[in-house]
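Below is one structure, written out as structure tokens, with a few remarks after it.
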Amino acid sequence: MSEHIPYPLKQRIRYRIDNFMSRGSASIFLALLLLFTAGFLIMVILRMIANVFLPDDTLSSWLEIPWRVYVAVMEGSAAETDGDSNWPAKMTSILGVLIGLVLFSSMVAFITSVFEAKLAELRRGRSLVLESNHTLILGFGDRIIEVIKELIEANESEPNAAIVILAEDDKEDMDNIIRDNIIDFASTRVITRSGVTTNINNLKKVQAERAKSIIVMNSAASWRPENELKLADALVLKSIMSIIAVSDGDEHPPIVCEIHSDRDRDLAENITTGTVKALNEVSVLSRMIAQLALSRNGLSVVYSDMVGFDGNEFYFYQPDDGWGGPLTFGESINRFKSSTPMGIHTAEGKIVLNPPSETKVTDEDELIVFAEDDSTIFYFEEPVQQPQVLELPQVDTNLRTQRVALLNWTPKAAIIIEKLCTYVPTGSEIIAYNPEKTEEMESFLVELQNNYPDLNLAMKQVDLNDLNALNNLEPTNFDSLLILSPGGTTIEEMDAYVISLLIRIRQILRESGVDKWPKLITEVMDSENIDIILNSGVEDFMVSNQFVSQIMAQVSEEPLALDVYDDLFQAEGSELYIKPANYYFSFDGQESITLPYGECTQAALLRQEICLGIQLHAHQGDKDKFFGVSLIPDKGEDFTLTPQDGLITLAEDES
């Protein structure tokens, strides 16, 4: 047992005072207030003692003494000291003024410093967030602005929506970036806080457990080195674990994240029984680019409209009173006027896009409906029209061989080539061009050639900055040229490289004198550069950052949306295509035919396809007219179609 040490009283008092003052601003304020009160009482007592020995004739009563002292202490009034009738009263007033100046100025200085400290704390973004049912975003990067824009669009019907962002960036910097890039926030409030996204205390401050949904941004772009990608994925997994820890076990808000590794993505989605949806940018965008390469121009516009809230999207719909009797999927197409079923979300939780027409729809099933808004979805128990198309014309729909070139080898290139191999017919040729050729690239192509012996696959080393080298590629002999965005320090730098490469290719094509150019498809990082890309002759483009951001925002509102996209981009199922109108209607030598849109949906159904809209060839290059694309118009609206126009369909293949 330790021996009690008798410390001196003075030292013990100082120790207790130090402990009291170290508790924070409240203790300091209380100490100043006590000193001020003690000084005031001492001055009142001194004034009373002076008045006993030398009475002040100006006082009406003893009760006026505290008021005189208070005025002297608070105002330091010279008029008060001059008005006293004797010198003892004047001296106590002067002493009160001095004490007041010291104590009152200390109080003011303290209050000012506390306010400054509080403002500094607010600027650091460390304070508590008092929100619930909000969208929480963990991380801040290139995609954040697009994600916020999409969420603002999604929240338009909500009167007081909130987006809370927690990131390690400085709060003022985040606020400035958001204000500089977003003008209209509509009904949505954006709240930023600084802190480590994997820290449990920080997650509690932003009310993670009360959020409507949580988006976890990946700190590393797909083109970064492998070690950076692994670390970024690990931090995403840690953030998910921290969210689970903050929440009540597995009862956590739906989580949407971006993970590069397939292994870690599976781990994230199975880490809890709660909802976790993991998106792989490279996989999704690669499969999308592969589809763009083989479809008619304009498919990227359809995808862009589908993934954003500012357009059409799919909803999981089920009438309150059931489907009104026996119903097949084919019959359901004709039960909606300005929206279209794309598939079924079964009672067992399975997503089935473009099922056979005779598939039964039970009252426990939901239809996946493509619509402008959920408020535009109306189900009719009787058919909305009586289609006249009963048979299809006899046309040659066999696919011809394709020659496709990929310029630049990026993390997406391998998946794109692999997907193209599943789409293109026998005898097609796919060539990848890159300034460098590695053993990894060559071994990948050798393995792929073994899997697809009927296709011609090659990897060639070419300086893409050399105009003569590009000319030797004979770009006019290809059906499609896919220009991928290489890695870089900034997205502006990456887009600048793509645009410069486009300019060189355009010059070669223009000087060749050929009437029909190959289809140019490019990957754009910044949506602000779309107009420049279009002026370079590009017929299809994909804004990588924008697409991924829009998908993440949409999945945060409806987690099942990611399952639909996974199904949509699989080569084994149905994909989106734009097919010629003469596949569906017989023109019999006529230049055009006029018919209601409902006939298009019926004709597509006869081909076991789902029609989502039409594309008018005359407006295909007109950005102001949405590149001729009209999605899910009213089934009674008339359209004049030519053989060059196209139907936008969900189909098994391009034939």
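Note that my numbering has the sequence shown beginning at 654, numbered continuously upward. Ideal placement from N, C-alpha and C gives every residue a C-beta, glycine not left out.
So, helix, strand or coil for residue i, using DSSP?
i	result
residue 1272	helix
residue 968	strand
residue 1061	coil
residue 932	strand
residue 696	helix
residue 1310	A query on residue 1310 cannot be resolved here, the shown segment of the chain reaching from 654 to 1308 and no further.
residue 1293	strand
residue 959	helix
residue 654	The predicted position of residue 654 is uncertain, since its pLDDT is 44 and thus under 50; no value can be drawn from it.
residue 1072	helix
residue 1078	coil
residue 995	strand
residue 949	coil
residue 1299	strand
residue 895	helix
residue 788	strand
residue 1173	strand
residue 1165	helix
residue 721	helix
residue 1237	coil
residue 628	In the structure as shown, the chain begins at 654 and stops at 1308. Residue 628 is therefore absent and cannot be evaluated.
residue 686	helix
residue 702	helix
residue 882	helix
residue 1085	strand
residue 1208	helix
residue 920	helix
residue 1281	helix
residue 1266	strand
residue 666	helix
residue 1201	helix
Here's the rule: buried if 16 or more other CB atoms are within 10 angstroms of the residue's CB, otherwise exposed. What is residue i?
i	result
residue 1258	buried
residue 1113	exposed
residue 1111	exposed
residue 692	buried
residue 840	exposed
residue 1125	exposed
residue 993	buried
residue 1267	buried
residue 1127	exposed
residue 813	exposed
residue 1169	exposed
residue 1098	buried
residue 1243	exposed
residue 904	exposed
residue 708	exposed
residue 1265	buried
residue 1021	buried
residue 1008	buried
residue 1172	buried
residue 666	exposed
residue 1176	buried
For the putative contact between residue i and residue j, defined by C-beta atoms under 8 angstroms, what is the C-beta separation to the nearest angstrom?
i	j	result
residue 872	residue 791	Residue 872 to residue 791, Cβ: 10 angstroms. No contact.
residue 967	residue 1201	Contact flag wrong, Cβ pair sits at about 18 angstroms.
residue 1133	residue 1174	6 angstroms
residue 804	residue 1231	In fact, because the Cβ distance is near 30 angstroms, the residues do not count as touching under 8 angstroms.
residue 1029	residue 991	6 angstroms
residue 846	residue 858	7 angstroms
Does the distance between the C-beta of residue i and the nearest non-hydrogen atom of the ligand GTP fall short of 8 angstroms?
i	result
residue 1200	With respect to the ligand GTP, the structure offers nothing, as it holds no ligand at all.
Got a sec: is the Cβ-Cβ distance from residue i to anything in chain B below 9 angstroms?
i	result
residue 1031	Judged by its chain identifiers, the structure shown contains no chain B, having just a single protein chain.
Exercise. Counting pairs of Cβ atoms below 8 angstroms between the region 813 to 828 and the region 852 to 869, do you hit three or more?
Worked result: Put simply, the region 813 to 828 touches the region 852 to 869. At least three CB pairs are less than 8 angstroms apart.
Problem set entry | Any beta strand (DSSP E) of 3 or more consecutive residues that is wholly inside the region 792 to 829 | If only complete runs of 3 or more residues are kept, the region 792 to 829 shows the beta strand (DSSP E) at 814 to 820, in order along the chain.
Exercise. Counting Cβ pairs closer than 8 angstroms, one from the region 934 to 943 and one from the region 983 to 998, do we hit at least three?
Worked result: No, because fewer than three Cβ pairs between the region 934 to 943 and the region 983 to 998 fall closer than 8 angstroms, the two stretches do not touch.
For this session: Spell out a yes or no on whether the region 1268 to 1275 and the region 996 to 1009 are touching, meaning 3 or more CB-CB pairs, one atom from each, closer than 8 angstroms.
Result: Contact between the region 1268 to 1275 and the region 996 to 1009 is absent, because fewer than three Cβ pairs lie under 8 angstroms.
For this session: Say whether the region 1243 to 1255 touches the region 920 to 927, bearing in mind that this needs 3 or more beta-carbon pairs closer than 8 angstroms, one atom from each stretch.
Result: The answer is no - the region 920 to 927 does not touch the region 1243 to 1255, with fewer than three Cβ pairs under 8 angstroms.
For this session: Kindly provide the ranges of any beta strand (DSSP E) runs that are 3 or more residues long and lie completely inside the region 1098 to 1157, ordered along the chain.
Result: Correct list: 1109 to 1114, 1133 to 1136.
Exercise. Hey, is the region 1276 to 1287 in contact with the region 1203 to 1214, meaning 3+ C-beta pairs nearer than 8 angstroms?
Worked result: Judged by pairs of C-beta atoms under 8 angstroms, the region 1276 to 1287 does not touch the region 1203 to 1214, as fewer than three such pairs exist.
Problem set entry | the region 1229 to 1244 contacting the region 1036 to 1056, beta-carbon criterion three pairs below 8 angstroms | Judged by Cβ distances under 8 angstroms, the region 1229 to 1244 makes contact with the region 1036 to 1056, as three or more pairs qualify.
Exercise. Whole beta strand (DSSP E) runs in the region 979 to 1051 with 3 or more residues, listed along the chain?
Worked result: Correct list: 993 to 998, 1004 to 1006, 1019 to 1024.
Problem set entry | Three or more C-beta pairs below 8 angstroms linking the region 1279 to 1291 and the region 1059 to 1076 | When C-beta atoms of the region 1279 to 1291 are compared with those of the region 1059 to 1076, fewer than three pairs fall below 8 angstroms, so the two segments do not count as touching.
For this session: Determine contact between the region 1002 to 1016 and the region 1052 to 1064, defined as no fewer than three beta-carbon pairs at a distance below 8 angstroms.
Result: By the Cβ rule, the region 1002 to 1016 does not count as touching the region 1052 to 1064, because fewer than three pairs are nearer than 8 angstroms.
Exercise. Quick check: the region 792 to 800 against the region 824 to 841, are there 3 or more CB pairs under 8 angstroms?
Worked result: Yes: the two stretches touch, three or more of their Cβ pairs being nearer than 8 angstroms.
Exercise. Should the region 912 to 920 be regarded as contacting the region 880 to 892, the criterion being three or more beta carbon pairs within less than 8 angstroms?
Worked result: Of all C-beta pairs linking the region 912 to 920 to the region 880 to 892, three or more are shorter than 8 angstroms, placing the two stretches in contact.
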